[in-house]
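Before any comments, here is the structure.
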Amino acid sequence: MTATAPVPRFLVEPKAVIVEAVATADPALLATVVATAVERVADTRAKRRRLAQALAADPALLTSGRPEGPRLIELLVRELLPYGPTRLVLPRCAGCGRQNVLDRVDGLRRICSPCANKAADRGRQSCAVCGRVRQVAGRDPDGRPRCGRHRPEPVDGHAAVRRLLERAGTGLDEDELAAVVTEVLPRPAQQQAVLRELTGRPDLLSGQGAHGSPRMVALITALAGRGARNVTVPACPFCRRIVSLRFGRDGARCCRRCYEQPRHQPCSSCGTSSPVMTRTPDGEPLCAPCARRDPVNHEPCTRCGRVALTYRDATGRPVCGRCQRPPVAVCSLCRVSKPCHYADTDAPRCANCTRSNNRTACSNCGRHRIVHARAADGGPLCSNCSRRRELCSACSTVRPVYARTTDGRALCKICYPKDPISFRHCTACGSLERLHHHGLCPACAAQHQLRTLLAGPDGQVHPRHEPIAAALLAGPPSSFLLWLRHPSSQELVVRLCESTEPLTHAALDAMRPLKAVSHLRAALSAHGVLPRRDEHLAAFERWLPETVAAIGDPDERALIRSFATWFHLNKLRRRSRRRPLTYGQFQTARGTSGPRSACWLGCANTAVAWPPAPRPTSTGGSPPTSPVGSWSATSSSGPPAAATAVRWPFPGAEAAADRARSPTRTCGGASAGACCTTPRWRPATAWPAAWSCSTASPSAGSPT
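In this note's numbering, the protein residues as written are 12 to 715.
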């Protein structure tokens with residue numbers, strides 16, 4: 012159907028067309044009664060359209076009794092008969108003229124089952140014994156018909172099929188074979204038919220089952236599922252894939268894809284040769300993509316109000332693809348409880364696992380990617396190659412189409428948020444903005460999701476959780492929704508709701524993951540639910556015991572514990588009283604309190620003799636040498652920050668003389684080495700030759 016062609020009313024408002032036609036034919040019936048009957052008889056949109064199209068073309072089908080049109084007319088009249096219609100008439104059979112159930116057709120006319128059997132002469136064939144044309148009462152072992160006078164000898168088809176399967180060497184015991192035959196072939200006629208097939212073609216069990224009947228294919232599949240030997244599941248004889256063979260083509264069972272191949276027709280909209288999904292009112296074929304894009308097939312979603320292609324939920328209400336959610340089950344691959352496809356089977360799969368397993372080489376770029384769509388020839392396409400690139404109507408740039416306007420113009424991803432079409436009314440608060448999901452704006456969606464997680468068994472939020480909800484919802488809704496999107500954040504909120512302990516910083520410290528907890532803690536502290544605290548100081552207090560415990564040497568462990576506690580932790584606490592700590596201060600303290608500091612301190616304690624030798628007099632002798640300077644002169648592996656850890660174990664008078672500096676640092680903006688010539692710093696830099704800021708590198712024990 013072209014975009015400019017007028018849309019028939021029976022396609023847009025089929026229910027209204029049916030109600031009006033019935034009201035015109037029999038005014039005694041109430042409109043509400045007719046509408047309810049229409050919902051019961053035509054429970055899908057396709058049925059309502061067929062019924063509306065027939066009544067729009069010939070309303071007299073309701074009162075004339077002519078056996079024409081779809082069977083829905085008969086069902087609608089039968090549904091309305093208990094309400095006392097005065098002019099509605101049931102259609103009569105075109106063969107016998109009686110008002111029977113007209114479930115058969117003879118050309119364009121509807122007939123009952125007895126007349127259809129007579130017309131087709133069903134059940135009457137030539138007897139294999141007497142040759143007379145009579146009603147078939149049975150068949151002999153060769154499948155030939157027998158009349159009532161020459162009935163075949165009774166044969167236990169169930170036992171005969173079991174015997175044939177035992178001879179084939181399936182390896183299953185008698186009870187298992189009996190269970191399979193009973194499950195797959197419950198009727199005697201089915202048992203006899205499969206018995207004849209196995210007798211005539213024993214190779215059906217060894218891979219040729221596609222040339223058998225549907226019951227034969229089902230029997231082979233059931234045997235293979237129980238681990239039977241010498242039984243091969245048949246592949247499609249056309250594409251050789253091991254898939255469900257639910258269709259017939261050229262005398263063999265085949266898959267749906269091969270069944271549809273010879274039935275392809277050029278689409279009346281795009282011209283592509285593809286399977287026919289539906290037809291226009293004129294009978295022209297439409298492919299699946301064109302039928303989904305056709306606005307005629309769109310209707311309002313009962314959840315978000317968006318006009319789109321809809322599906323039916325468990326209650327029968329139309330919902331769009333965004334609002335549709337499969338039933339919740341435990342995925343058979345990732346073992347996580349989430350909405351899954353095939354939830355009513357033994358192997359449910361979530362959407363992520365379904366997409367991940369559907370990987371193959373893209374027919375366009377050749378990369379091994381998830382199949383997102385298929386080309387006109389059926390070849391797989393990845394996400395990038397399947398995106399249709401058109402000229403954006405807003406920026407005039409050829410880009411992938413992200414959305415379309417009401418008149419079909421393409422919009423790219425950048426221009427769509429700027430177009431008025433991206434703004435819709437929220438179904439909860441009525442605000443006009445870009446919606447988040449299910450017809451809700453970000454603010455309403457955030458409140459709905461959070462209160463759903465915090466709600467108890469009675470569906471109500473406990474009063475002690477109200478401050479938590481208020482604190483989390485006080486910030487930007489988009490930021491909260493982004494945080495709540497992760498499963499770890501949702502689990503954190505649920506654990507917080509189920510916990511009976513008071514909400515404290517210590518309770519949050521015990522929860523994981525830390526990234527989700529940090530956002531929650533910041534929101535609760537900012538709105539007074541929790542007292543404020545210095546998070547960098549608390550992080551250092553949590554980190555220190557774990558790091559010290561990981562040091563193997565007891566002496567080094569005790570030394571690092573004392574140094575980090577009495578030097579760094581004491582300093583961080585003093586600074587935190589004035590202003591919050593910075594990340595750099597936290598990292599500096601952590602960098603000189605770990606295992607490497609233990610290594611430096613261990614090296615210093617090993618290389619430095621303590622207590623130092625007596626200082627020489629001023630009248631002569633060598634200049635005083637610091638013990639730390641002697642060690643640093645022979646060890647240049649530590650960074651400048653190691654000087655703090657190394658000089659801490661020594662008394663202040665001796666360690667103050669060992670002010671180690673990096674060769675690349677400058678002092679007060681002066682060039683390297685300039686400060687060392689001043690009288691103030693000369694004594695402090697006389698010994699550590701390896702870390703001296705002088706451009707020269709004097710050896711230890713040789714002051715400048």
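C-beta atoms are modelled at their ideal positions from N, C-alpha and C, and glycine is treated no differently. Keep in mind the model is a prediction, meaning the values are calculated, not measured.
Whole angstroms is fine: what's the gap from ALA179's alpha carbon to PRO213's?
Spanning the two alpha carbons is a distance of roughly 8 Å.
Using a 10 Å radius around the Cβ and a threshold of 16 neighbouring Cβ atoms, would you call TYR427 buried or exposed?
The residue is buried, with at least 16 neighbouring Cβ atoms inside 10 Å.
Of the choices ARG173, ARG198, PRO197, whose alpha-carbon is the least far from that of ASP186?
It is ARG173 whose Cα lies nearest to the Cα of ASP186.
If you check the beta carbons only, do SER279 and PRO300 fall under 8 Å apart?
It is not a contact, given that the beta carbons lie outside the stated cut-off.
For ALA319, which of PHE258, PRO306, THR365 has the nearest alpha-carbon?
Closest by alpha carbon: PRO306.
Comparing alpha-carbon positions, which option in GLN460, ARG475, ARG590, PRO292 lies nearest GLU502?
Among GLN460, ARG475, ARG590, PRO292, the Cα nearest to that of GLU502 belongs to GLN460.
Straight-line CA distance for GLY76 to ALA439?
Roughly 50 Å separates the two Cα atoms.
What would DSSP say about CYS247, mapped onto helix, strand or coil?
Three-state result, CYS247: coil.
Would the segment 56-68 and the segment 26-34 be scored as touching if the rule is three or more Cβ pairs under 8 Å?
These segments touch.
Can you find a C-beta in chain C that's less than 8 Å from the C-beta of PHE249?
Of the protein chains in this structure there is only one, and it is not chain C.
Close-in-space but distant-in-sequence residues of the same chain around CYS107 (CB under 6 Å, 5 per side omitted)
By the criterion of a C-beta distance shorter than 6 Å, CYS107 is surrounded in its chain by CYS126, once the five residues flanking it on both sides are discounted.
Within this structure, are the beta carbons of GLY182 and ALA239 separated by less than 8 Å?
In this structure, GLY182 lies near ALA239, with their beta-carbon atoms less than 8 Å apart.
Can you tell me which residues form a DSSP beta bridge with LYS349?
LYS349 is bridged by DSSP to ALA340.
Among VAL112, ARG435, HIS473, LEU541, nearest to ALA482 - alpha-carbon criterion
Out of VAL112, ARG435, HIS473, LEU541, LEU541 has the C-alpha closest to the C-alpha of ALA482.
TRP494, buried or exposed, once every other Cβ within 10 Å from all chains shown has been counted against 16
TRP494 should be labelled buried.
Report yes if the C-beta distance between ALA414 and LEU402 is below 8 Å; otherwise report no.
8 Å or more divides the Cβ of ALA414 from the Cβ of LEU402.
Taking the DSSP output, what are the residues bridged to PHE258?
In DSSP, PHE258 forms a bridge with CYS265.
Note down the Cα distance separating SER442 from PRO453, rounded to an integer number of angstroms.
Distance from the CA of SER442 to the CA of PRO453, rounded to the nearest whole angstrom, comes to 11 Å.
Would you decide whether SER500 is buried or exposed? Buried here means 16 or more other CB atoms lie within 10 Å of its CB.
Answer is buried; the Cβ neighbour count reaches 16.
Which parts of the segment 394-444 are runs of the alpha helix (DSSP H), unbroken and 4 residues or longer, counting only runs that do not cross its ends?
Counting only runs that start and end inside the segment 394-444, the alpha helix (DSSP H) elements of at least 4 residues fall at 394-397.
Around the C-beta of SER637, are 16 or more other C-beta atoms found within 10 angstroms, so that it is buried, or is it exposed?
The predicted position of SER637 is uncertain, since its pLDDT is 45 and thus under 50; a value taken from the coordinates is nonetheless stated next. Burial of SER637 is indicated by the presence of at least 16 other C-beta atoms within 10 angstroms of its C-beta.
N-terminal and C-terminal residue of the beta strand (DSSP E) that ALA319 is part of:
ALA319 -> beta strand (DSSP E) spans 318-323.
Hey, would you say ALA537 sits closer than 8 Å to LEU555, going by beta carbons?
Not a contact, by the Cβ cut-off of 8 Å.
When DSSP labels each residue in this structure, what does SER367 get in the three-state scheme?
SER367 falls in the helix class under three-state DSSP.
For ILE29, which of helix, strand or coil comes out of DSSP?
Under the three-state reduction of DSSP, ILE29 is assigned to helix.
Any idea if GLN203 is buried or exposed, counting beta-carbon neighbours within 10 angstroms, 16 or more meaning buried?
The residue in question, GLN203, is buried, as its Cβ has 16 or more Cβ neighbours within 10 Å.
Cβ-based neighbour list, GLY259, same chain, cut-off 8 Å, excluding 5 preceding and 5 following:
These residues qualify, in order along the chain: CYS265, TYR270.
Select from LEU531, GLY450, PRO478, LEU446 the residue whose C-alpha is nearest the C-alpha of SER489.
Closest in C-alpha terms to SER489, from the list LEU531, GLY450, PRO478, LEU446, comes LEU446.
Suppose the cutoff is 8 Å on Cβ atoms and the five residues either side in sequence are ignored; what does the same chain contact list for LEU465 look like?
Cβ within range, chain order: VAL472, HIS473, HIS476, ILE479, ALA480, VAL504, CYS508.
Measuring alpha carbon to alpha carbon, tell me which of VAL100, GLY95, GLU90, ARG59 ends up nearest GLU79.
Minimum Cα distance to GLU79 is reached at VAL100.
Relative to the C-alpha of VAL244, which residue among ALA139, LEU40, ALA229 is closest?
Checking every option, the nearest Cα to that of VAL244 belongs to ALA229.
How should ASP469 be labelled, buried or exposed, when 16 other C-beta atoms within 10 angstroms of its C-beta is the threshold for buried?
Residue environment analysis places ASP469 among the exposed positions, since fewer than 16 neighbouring C-beta atoms fall within 10 angstroms of its C-beta.
Span separating the alpha-carbon of LYS429 from that of HIS436:
Between LYS429 and HIS436, the C-alpha separation is close to 16 Å.
Identify the continuous beta strand (DSSP E) that holds GLN146 and give its terminal residues.
Annotation: the continuous beta strand (DSSP E) that includes GLN146 extends over 144-146.
In terms of DSSP beta bridges, what is GLU360 paired with?
Note on residue identity: the sequence assigns Arg, not Glu, to residue 360. Beta-bridge partners of ARG360 (DSSP): HIS352.
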